[in-house]
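Sequence order for the protein chains is A and B. Numbering follows the working numbering, in which position 80 of the first sequence is assigned residue number 1372; successive positions increment by one, without gaps. Numbering follows the working numbering, in which position 111 of the second sequence is assigned residue number 112; successive positions increment by one, without gaps. Everything below concerns the one structure shown next.
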Amino acid sequence: GDSVTQMEGPVTLSEEAFLTINCTYTATGYPSLFWYVQYPGEGLQLLLKATKADDKGSNKGFEATYRKETTSFHLEKGSVQVSDSAVYFCALSPPYNFNKFYFGSGTKLNVKP
Amino acid sequence: SQTIHQWPATLVQPVGSPLSLECTVEGTSNPNLYWYRQAAGRGLQLLFYSVGIGQISSEVPQNLSASRPQDRQFILSSKKLLLSDSGFYLCAWLSRGHEKLFFGSGTQLSVL
Chain A
1293 GDSVTQMEGP VTLSEEAFLT INCTYTATGY PSLFWYVQYP GEGLQLLLKA TKADDKGSNK
1353 GFEATYRKET TSFHLEKGSV QVSDSAVYFC ALSPPYNFNK FYFGSGTKLN VKP
Chain B
2 SQTIHQWPAT LVQPVGSPLS LECTVEGTSN PNLYWYRQAA GRGLQLLFYS VGIGQISSEV
62 PQNLSASRPQ DRQFILSSKK LLLSDSGFYL CAWLSRGHEK LFFGSGTQLS VL
């Protein structure tokens, strides 16, 4: 079945460090891919998305590129801030049913000043 | 603007007791609605989704059920809670055409 696999956390970085959170997926066809972020005590909110191969989603300095050949959608940021501390979820919506959304297990990011 | 309300924020229930969690959406019509569960140390599990009144799709057979009695109301229920039902329950609605899920603030359920 369709699924998403994320690197386990927590990830601890110093402020201004480079961030990569790995995400790979299993799906038939070309799913839409997403990154959601959950700040402490809140629900999830969409960070960025990509709907076709080679698309790059970007928002708030975060980027992720849809790689069909490696079935990956890794999240990157060049310089993290303390305010980026949160849990990040990779997700997909399968092409056969865009009503469904499947999420990874989440990766907690701690950024220290 | 659209808002989503989910309550209660926290709930402690004994094993075997019933459950009713409610979610309502404002500012949109005929949304897709979703229930997810986030267990400790695990990711989000899709439990149910609904594309319209009375239309419920179940992803995982389990001790829970869902109902959609009104267009913007989605209810998660159980007749008898199990310890394994503990977790963080999130309601969400889908912005059609944008493939964007909007989440409520969640309900932390502890079954003791």
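All residues carry an ideal CB built from backbone N, CA and C; glycine is no exception.
Could you give the first and the last residue of the continuous beta strand (DSSP E) run that contains residue i?
| i | result |
| --- | --- |
| HIS6 of chain B | 4 to 8 |
| THR1343 of chain A | It is not in any beta strand (DSSP E) - THR1343 of chain A carries neither H nor E in the DSSP assignment. |
| ASN31 of chain B | Neither: ASN31 of chain B is in no beta strand (DSSP E) and is coded neither H nor E. |
| GLU1368 of chain A | 1367 to 1369 |
| ILE1313 of chain A | 1311 to 1313 |
| THR1399 of chain A | 1399 to 1404 |
| THR1304 of chain A | 1303 to 1306 |
| LYS101 of chain B | 101 to 104 |
Have a look at residue i and residue j and give me their C-alpha separation to the nearest angstrom.
| i | j | result |
| --- | --- | --- |
| ILE5 of chain B | GLU1300 of chain A | 30 angstroms |
| ILE1389 of chain A | GLY107 of chain B | The question names Ile, but residue 1389 of chain A in the sequence shown is Asn. So the two alpha carbons sit approximately 25 angstroms from each other. |
| TYR1328 of chain A | LEU1336 of chain A | 6 angstroms |
| ALA1345 of chain A | ASN1314 of chain A | 17 angstroms |
| THR1357 of chain A | TYR1394 of chain A | 18 angstroms |
| THR25 of chain B | GLU60 of chain B | 21 angstroms |
| PRO32 of chain B | SER96 of chain B | 7 angstroms |
| VAL13 of chain B | GLU1334 of chain A | 19 angstroms |
| SER1371 of chain A | LYS1352 of chain A | 11 angstroms |
| ALA1383 of chain A | ILE57 of chain B | 22 angstroms |
| THR29 of chain B | LYS81 of chain B | 33 angstroms |
| PHE104 of chain B | TRP94 of chain B | 7 angstroms |
| PRO1387 of chain A | PRO1302 of chain A | 31 angstroms |
I'd like to know whether the C-beta of residue i is nearer than 8 angstroms to at least one C-beta of chain A.
| i | result |
| --- | --- |
| GLY105 of chain B | yes |
| ARG43 of chain B | yes |
| LEU20 of chain B | no |
| VAL16 of chain B | no |
| LYS101 of chain B | yes |
Residue j and residue i - do their beta-carbons sit closer together than 8 angstroms?
| i | j | result |
| --- | --- | --- |
| LEU20 of chain B | TYR35 of chain B | no |
| PHE89 of chain B | GLN109 of chain B | yes |
| LEU65 of chain B | VAL16 of chain B | no |
| THR1304 of chain A | GLU1368 of chain A | no |
| LYS1284 of chain A | VAL1379 of chain A | What is shown of chain A runs 1293 to 1405, which leaves residue 1284 of chain A out entirely. |
| THR1318 of chain A | THR1363 of chain A | yes |
| SER1365 of chain A | LEU1325 of chain A | The question names Ser, but residue 1365 of chain A in the sequence shown is Phe. Yes. |
| GLU1308 of chain A | VAL1374 of chain A | no |
| SER78 of chain B | ASP86 of chain B | no |
| SER51 of chain B | ARG69 of chain B | yes |
| ALA67 of chain B | ILE54 of chain B | no |
| SER1385 of chain A | GLU100 of chain B | yes |
| GLY44 of chain B | GLY1398 of chain A | yes |
Against chain B, with Cβ distances strictly below 8 angstroms, would residue i count as a contact?
| i | result |
| --- | --- |
| ASN1351 of chain A | no |
| GLY1335 of chain A | yes |
| PRO1394 of chain A | The residue you asked about is not Pro; residue 1394 of chain A is Tyr in the sequence shown. Judged by the 8 angstroms Cβ criterion, TYR1394 of chain A is in contact with chain B. |
| SER1385 of chain A | yes |
| SER1324 of chain A | yes |
| SER1375 of chain A | no |
Return the bridge partner residues of residue i from the DSSP annotation.
| i | result |
| --- | --- |
| ARG38 of chain B | B:GLN46, B:TYR90 |
| ASN1351 of chain A | A:PHE1354 |
| SER1317 of chain A | Per the sequence shown, the amino acid found at residue 1317 of chain A is Tyr instead of Ser. DSSP output for TYR1317 of chain A lists A:VAL1296 as bridge partner(s). |
| LEU22 of chain B | B:LEU77 |
| LYS1359 of chain A | With the sequence shown as reference, residue 1359 of chain A is identified as Arg, and Lys is not the correct amino acid for it. Answer by DSSP bridge pairing, in chain order: A:SER1364. |
| PHE1395 of chain A | A:ALA1383 |
| TYR1328 of chain A | A:LEU1338, A:PHE1381 |
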